[in-house]
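First comes the structure, then the notes that go with it.
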């Protein structure tokens, strides 16, 4: 009997609270497009403040009548277009979204034809901007750069493992070093910081000292079917390679330089192609290497570290023609630096990254 009374009270409170929230807050005025996917879409960018969506489409594809494959709106909102409807993306298209409260917002869909052979912005690493904290990051400005480093995570230690270096007048590259975090950090299992540069964004609100990659959203928009990438580098591994507990390892440290192409849509991420270079060789004179992209699923002949953590690949016939939506590029002075393993003093210098077709 007592259980029934308690259950009834809880249920009544839930119903009362639900009713109170509905009447108190009123009907939602949100009329946003949260996600959209069109036929042959390569990538898209939503600008919620200006109510515009830039839709990147591959060159050579008829975009005068593309269908809507996915359309996600604000809760309780409706639109004058639905999945299966066609849009003419040879010019700007519009979708009118009406909120639960009856407010209507017109969203503009702006077409952008992707170049067939795109390059990454600032891939020669000549531009660096000074942060508010006084250190330098790659790019012309924080608001526009596609590049990130591990520096925001080590700033609290006043350590900067990724820095610009000048090869010649106004010609810069990236210097990546594996640094000693100090005795106190070593005690808690964080002995080193490996220098790294990557395409993506660093979110300071997600900093986790035990998992530095948690704060990184890897990748940037990209729609080219790359064949390989070329880059200049030098590398010198540190003298003593250790794991995070300070145990000396029987093998030397190594650098990582890699890139992979992905198709991200509908909350799903699938690997389209992989290009990976790992080496412990000492290279003191600038060396140029070309690393091939392998399309499709990586079989057992490839090491596990090259494979996607989620195990998902683009499969079937689309592997031979599909365009990626994103590219992730990473270079690191210690290949296992994310696990705080590496040799203090390992130094990787990279410059002039080029995507080949």
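Residue numbers (the working numbering): 59 to 415.
The C-beta atom is built at its ideal place from N, Cα and C for all residues, glycine as well.
First and last residue of the uninterrupted alpha helix (DSSP H) at residue i
i, result
"residue 211", "209 to 212"
"residue 243", "241 to 245"
Cβ pair residue i, residue j closer than 9 Å
i, j, result
"residue 155", "residue 131", "yes"
"residue 225", "residue 321", "no"
"residue 135", "residue 193", "no"
"residue 181", "residue 412", "yes"
"residue 95", "residue 324", "yes"
"residue 354", "residue 372", "yes"
"residue 153", "residue 91", "yes"
"residue 360", "residue 317", "no"
"residue 327", "residue 370", "yes"
"residue 288", "residue 402", "no"
"residue 233", "residue 302", "no"
"residue 206", "residue 259", "yes"
"residue 112", "residue 277", "no"
"residue 409", "residue 230", "yes"
Inter-residue Cα distance where the pair is residue i and residue j
i, j, result
"residue 102", "residue 343", "41 Å"
"residue 80", "residue 162", "Only weak support is given to the placement of residue 80: the predicted model assigns it a pLDDT of 38, under 50, and the question is left unresolved by the model."
"residue 235", "residue 248", "16 Å"
"residue 421", "residue 167", "Summary: the structure shown does not reach residue 421, with the chain confined to residues 59 through 415, and so no result is reported for it."
"residue 107", "residue 356", "41 Å"
"residue 195", "residue 158", "44 Å"
"residue 307", "residue 211", "26 Å"
"residue 406", "residue 139", "52 Å"
"residue 329", "residue 378", "13 Å"
"residue 300", "residue 191", "31 Å"
"residue 374", "residue 185", "40 Å"
"residue 117", "residue 169", "11 Å"
"residue 404", "residue 223", "16 Å"
"residue 61", "residue 165", "Any reading at residue 61 is ruled out, since the residue's pLDDT is 38, under 50, leaving its predicted position unreliable."
For residue i, the residue or residues it bridges with in DSSP
i, result
"residue 408", "232, 291"
"residue 278", "385"
"residue 350", "286"
"residue 40", "Shown here, the chain extends from 59 to 415; a query on residue 40 therefore has no answer."
"residue 400", "300"
"residue 316", "334, 388"
"residue 221", "233"
"residue 187", "195"
"residue 155", "137, 163"
N- and C-terminal bounds of the beta strand (DSSP E) containing residue i
i, result
"residue 372", "No beta strand (DSSP E) contains residue 372, which DSSP labels as neither H nor E."
"residue 116", "110 to 116"
"residue 335", "326 to 337"
"residue 196", "194 to 196"
"residue 167", "162 to 172"
"residue 252", "Premise fails: residue 252 is in no beta strand (DSSP E) and is neither H nor E."
"residue 131", "124 to 131"
For this session: Pair every Cβ in the stretch 330 to 344 with every Cβ in the stretch 283 to 297, then say whether three or more of these pairs are closer than 8 Å.
Result: yes
Exercise. For the 8 Å Cβ check, are there 3 or more pairs between the stretch 136 to 150 and the stretch 119 to 127?
Worked result: yes
Problem set entry | Contact between the stretch 287 to 300 and the stretch 341 to 360 (3+ Cβ pairs under 8 Å) | yes
Problem set entry | the stretch 247 to 256 contacting the stretch 389 to 398, beta-carbon criterion three pairs below 8 Å | yes
For this session: Spell out a yes or no on whether the stretch 202 to 221 and the stretch 234 to 245 are touching, meaning 3 or more CB-CB pairs, one atom from each, closer than 8 Å.
Result: yes
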